[in-house]
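K.L.:
Below is a structure I'd like to ask you about.
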Amino acid sequence: MDSKQKVAVVTGSSSGIGHEISLILARNGFTTYATMRNLQKGSDLKSIAEDEKLHLYFAQLDVTDENSVKMAIQTIHNEAGRIDILINNAGYGLTGAFEDLSLNEIKTQYETNVFGLIRTTQEVLPIMRKQRSGMIVNISSGVGRFGYPTGSAYVSTKFAVEGLSECMSYEVEPFGIKVILIEPGVIQTNFFNSSVLAKKSQDPNSPYAPLMKGMENSIDKMMKNGSTPQYVAEVVLDAVTNENPKLRYLAGKDIEQLLEMKRKMSDEEFVNMMKQM
Ligand SMILES: NC(=O)c1ccc[n+]([C@@H]2O[C@H](COP(=O)([O-])OP(=O)(O)OC[C@H]3O[C@@H](n4cnc5c(N)ncnc54)[C@H](OP(=O)(O)O)[C@@H]3O)[C@@H](O)[C@H]2O)c1
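Residue numbers (this note's numbering): 207 to 483.
So, in structure tokens, the structure goes:
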């Protein structure tokens, strides 16, 4: 089956990486459903789709809302007759030192980044299993492979995505379904602006306030050397058009370099390097 007959569904298409993945897939002939929790944010994608006459369609999908997920996936399946690619992209970051995070803030973070991905994938898998083909593409992160201070909530969601994807990949392969992890580095999107800062971390008297300040400065620097969301979209296109895709793809010059260094180091050497950074 060539890409023209294939149907892709992308979550969190209203901005950044999801926006660019939706566009690149549609421009390369995939019938693409750009889903988002607020359809009003899809107006620029809509006008590009009209100008370029792309097979790009829209559906409301909030990954934290079970009814919304069920409704969107069922409607797309009824309309398109199949689903070949699911891109689990929706996500956000919660920032704060571990002690400053409330349990509710952590639960809300997991509700989107982990349970949202599980909810959507479990809705799509039976469809792919019956087709005996499909690809589940999970947008993880380079930090699905290592931690950094103030990132325990976000990083642990990406470690969870890595673990569940790897386990699932063995289970679904006999049904013709591939699981792919995309691990972006620092990408120039709204991600850092829309990150949630834990309530206690906003208190200048928090014992972790100097650490928070230091991290803020480092992130500003890293953003300047970050990659574009188009770069990530190219990696995704490469993965989904490969007959034998790998389980993991890094996406971003910074993360490619860092993980190449990590590969050559002991755990202790890597931890020491991170402390200096
Ligand atoms: N930027 C980076 O440096 C970076 C690095 C590694 C991994 N990532 C991962 O890449 C993915 C996309 O992030 P991005 O950089 O493109 O950031 P972004 O521009 O902030 O986009 C995040 C997208 O997720 C959507 N979203 C959030 N909660 C949602 C929900 N409950 N249901 C449906 N959609 C929801 C947002 O929708 P709204 O517009 O409605 O908020 C938005 O479309 C995330 O999973 C992120 O963890 C990003």
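By construction, the Cβ of each residue, glycine as well, lies at the ideal position given by its N, Cα and C atoms. As the structure is a prediction and not an experimental result, all values here were calculated from the model.
Just tell me which of T301, E317, V343, T326 has its CA closest to the CA of N448.
P.N.:
V343
K.L.:
What three-state label does DSSP hand R243 in the structure shown?
P.N.:
coil
K.L.:
Taking E305 as the reference, give the member of M428, K405, M467 with the closest Cα.
P.N.:
Of the candidates M428, K405, M467, the one whose C-alpha sits nearest the C-alpha of E305 is K405.
K.L.:
Using a Cβ-Cβ distance cut-off of 8 Å, determine whether S400 contacts chain B.
P.N.:
Of the protein chains in this structure there is only one, and it is not chain B.
K.L.:
Please classify M334 as buried or exposed, where buried requires at least 16 neighbouring CB atoms within 10 angstroms.
P.N.:
buried
K.L.:
In three-state terms, what does DSSP make of I282?
P.N.:
helix
K.L.:
With a CB to CB cut of under 6 Å and the five nearest residues on each side skipped, what residues in its chain are close to A415?
P.N.:
Within the same chain, A415 has no close Cβ partners at all.
K.L.:
Can the beta-carbon of S433 be found less than 8 Å from the beta-carbon of K459?
P.N.:
yes
K.L.:
How is E368 classed by DSSP in three states: helix, strand or coil?
P.N.:
helix
K.L.:
Taking the C-alpha atoms as reference points, what is the distance between N295 and Q482?
P.N.:
31 Å
K.L.:
Along the chain, which unbroken stretches of the alpha helix (DSSP H) at least 4 residues long are found entirely within the region 296-362?
P.N.:
309-316, 323-337
K.L.:
So L267 is in the beta strand (DSSP E); what residue range does that whole segment cover?
P.N.:
Counting along the chain, L267 falls outside any beta strand (DSSP E), and DSSP gives it neither H nor E.
K.L.:
Rank H283, S358, L387 by C-alpha distance to the C-alpha of Q337 and give the top, closest one.
P.N.:
Checking every option, the nearest Cα to that of Q337 belongs to H283.
K.L.:
Go ahead and pull the three-state DSSP assignment for R469.
P.N.:
Helix at R469.
K.L.:
Compute the distance between the beta-carbons of V392 and M341, then report whether it is under 8 Å.
P.N.:
no
K.L.:
In angstroms with no decimal places, state the Cα-to-Cα distance between S347 and A359.
P.N.:
Those two C-alpha atoms are separated by around 13 Å.
K.L.:
In its own chain, which residues sit with a C-beta less than 6 Å from the C-beta of G353, not counting the 5 before and 5 after it?
P.N.:
V361
K.L.:
Do R506 and L387 have their C-beta atoms within less than 8 Å of each other?
P.N.:
Outside the displayed span of the chain (207 to 483) sits residue 506, for which this structure offers no information.
K.L.:
Less than 6 Å between C-beta atoms, sequence neighbours within five positions excluded: which residues of the same chain meet that for A366?
P.N.:
V320
K.L.:
Classify M418 as buried or exposed, calling it buried when 16 or more other Cβ atoms lie within 10 Å of its own Cβ.
P.N.:
buried
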